[in-house]
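Written below as structure tokens is the structure these notes are about.
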Amino acid sequence: MSTASKPKVTVILANLGTPDAATVPAVRQFLKQFLSDSRVIEIPALLWQIILRCFVLPFRPKRVAHAYATVWRKDSPMREILFAQTERLKSDLTDAYPQFDLRVVPAMTYGQPGITSLLQQLAQSPQDHILLLPLFPQYSATSTAPLYDAFAKWIPQQRNLPGLSIVKEYYRHPLFIQALVQSIRDFQNQHGTAEKLLMSFHGIPQPYADKGDPYADQCRETARLVAQALGLEHNQWAISFQSRFGKQEWVKPYTDQLLGEWAQQGVKSVQILSPAFSADCLETLEELAIQNAELFLNAGGESYQYIPALNDSDAHLQLLRKLVQAHLNALEITLAQ
101 MSTASKPKVT
111 VILANLGTPD
121 AATVPAVRQF
131 LKQFLSDSRV
141 IEIPALLWQI
151 ILRCFVLPFR
161 PKRVAHAYAT
171 VWRKDSPMRE
181 ILFAQTERLK
191 SDLTDAYPQF
201 DLRVVPAMTY
211 GQPGITSLLQ
221 QLAQSPQDHI
231 LLLPLFPQYS
241 ATSTAPLYDA
251 FAKWIPQQRN
261 LPGLSIVKEY
271 YRHPLFIQAL
281 VQSIRDFQNQ
291 HGTAEKLLMS
301 FHGIPQPYAD
311 KGDPYADQCR
321 ETARLVAQAL
331 GLEHNQWAIS
341 FQSRFGKQEW
351 VKPYTDQLLG
361 EWAQQGVKSV
371 QILSPAFSAD
381 CLETLEELAI
391 QNAELFLNAG
401 GESYQYIPAL
411 NDSDAHLQLL
421 RKLVQAHLNA
431 LEITLAQ
């Protein structure tokens, strides 16, 4: 079958975003876009823009840029890993589905490569089907929903619409739990175990959860399934939430507070991971691996180890491939009818 006669299918692998560089101007631009999203900050727009422009953007970018500089490689870790994940998935899928004119492309909600620009490009080469795979295992209106919003803004501008599939969440998918468990065991086989295993997730404000955001409950279920698969007793592990911003109450327990309490209680060794992140980024490499390590060790702890995100590991790619294949197989049946 010639490429011209094959159904055009694009798989979008999407993550949150990252600045273009570890510089104050680049970080300011990124934070402005990110923090201006009403999905992320649910404060009346006019009031929030005053706060953002007068009290956040003049000061926060310098500190955040310095943090990025401590983990920046040739590019942002998140973007490097997203590109690696995309290339590996592309190689696997194009061989497995020769019946499709298949593309696998990276995108980010904020920063580059941007989801809005990508959709505009796809409009120039009409697709038969688009599959969006947000790399957020647990759904939240603050992370996954903005990608839905990008499509909602794009769709009214199109005349010949493609089919559209979205992987909403995969927080309890057996291959996701298996990949996390394998990652933990591989790390512990090399470095030994600790008194406590802490699964720390990015937090959200408590009012968001009260209004129906399922994210925190899905995080708890992911953590429970991982602990169960590892055979851990209740006193050997815990779940916590990190990165709170502002004075609002966020979902608890807070990661930094829990680590401090453990150190005061005599806990000497901790291993920590964040099953909310499909790729290592500023939040894992700097906040979890550096800031919280200093906090725990300065409070009396003796050993603190960060277990990396799944990144482009074989087990993670097996999961991503399975998530995409479920939709491509269904699409193949539909197109054959």
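Throughout the sequence shown, residue numbering follows the working numbering, covering 101 to 437 in sequence. Just so it is clear, CB atoms sit at the ideal spot from N, CA and C, and this is done for glycine as well.
Could you work out which residue in the options is closest to residue i when comparing CA atoms only?
| i | options | result |
| --- | --- | --- |
| D286 | W254, W172, L410 and A252 | L410 |
| Y354 | L275, I339 and V205 | I339 |
| D313 | Q278, V351, E333 and V124 | V351 |
| I143 | G360, V127, S105 and G346 | G346 |
| H273 | A316, S403, F183 and Q418 | Q418 |
| Q278 | A327, L182, T384 and E349 | A327 |
| E432 | D228, Q342, I372 and A165 | D228 |
| K108 | Q129, L182 and Q224 | Q224 |
| P262 | L116, L358, L219 and R344 | L219 |
| L373 | Q282, R128, A309 and Y315 | Q282 |
| K296 | L231, L146 and L332 | L332 |
| A430 | T216, A121, A252 and L231 | L231 |
| I284 | F183, S413 and A165 | S413 |
| Q405 | E349, Q288, Q357 and C319 | Q288 |
| Q375 | P177, A252, H302 and L385 | The sequence given here places Pro at residue 375; Gln does not occur at that position. Ranking the options by Cα distance to P375, first place goes to H302. |
| Q290 | E349, D356, T322 and I407 | I407 |
| K253 | A145, L264, L222 and T216 | T216 |
| A121 | D380, V164 and Y271 | V164 |
| E349 | V367, E386, F396 and I304 | I304 |
Can you tell me whether residue i sits near the ligand FMN, meaning its C-beta is under 7 Å from at least one heavy atom of the ligand?
| i | result |
| --- | --- |
| T110 | Among the ligands in the structure shown, none appear at all, so the ligand FMN cannot be discussed. |
In the structure shown, what three-state DSSP assignment does residue i receive?
| i | result |
| --- | --- |
| K296 | strand |
| W362 | helix |
| M101 | Note on M101: pLDDT 46, under 50, position unreliable in the model; the coordinate value appears next. Correct three-state label for M101: coil. |
| K108 | strand |
| S403 | strand |
| D313 | coil |
| P246 | helix |
| T118 | strand |
| S265 | strand |
| V370 | strand |
| F134 | helix |
| A409 | coil |
| Y197 | coil |
| P177 | helix |
| L325 | helix |
| I390 | helix |
| Y442 | Because the chain in this structure spans residues 101 to 437, residue 442 falls outside the shown range and cannot be described. |
| E432 | helix |
| W172 | coil |
| Q224 | coil |
| C154 | helix |
| V140 | coil |
| R188 | helix |
Tell me, to the nearest whole angstrom, how far the beta carbon of residue i is from that of residue j; I am working on the premise that it is less than 8 Å.
| i | j | result |
| --- | --- | --- |
| L247 | A114 | 6 Å |
| V267 | L388 | About 26 Å separates the two Cβ atoms, so there is no contact after all. |
| L280 | V370 | Between V370 and L280 the Cβ distance is about 17 Å, and since that is not below 8 Å, they are no contact. |
| Y161 | V124 | This sequence places Pro at residue 161; Tyr is not what is there. At roughly 5 Å, the Cβ-Cβ gap stays under 8 Å, so P161 and V124 are in contact. |
| R188 | E180 | No, R188 and E180 are not in contact; Cβ-Cβ is about 13 Å, not under 8 Å. |
| V111 | L193 | 7 Å |
| A399 | Q364 | 6 Å |
| P213 | S378 | 16 Å between Cβ atoms; not a contact. |
| L359 | V171 | In fact, because the Cβ distance is near 20 Å, the residues do not count as touching under 8 Å. |
| Y168 | P119 | 7 Å |
| T242 | R139 | 6 Å |
Based on the DSSP secondary-structure assignment, which residues constitute the bridge partners of residue i?
| i | result |
| --- | --- |
| H273 | Per DSSP, none; premise fails for H273. |
| W350 | P305 |
| V205 | I112 |
| Q149 | Paired residues: none, contrary to the question. |
| F341 | F301 and Y354 |
| P161 | DSSP output for P161 lists no bridge partner at all. |
| H427 | Answer is none; H427 lacks a bridge partner. |
| I230 | T110 and L264 |
**Study point:** At least 3 beta-carbon pairs within less than 8 Å: the stretch 204 to 212 vs the stretch 130 to 142
**Key:** yes
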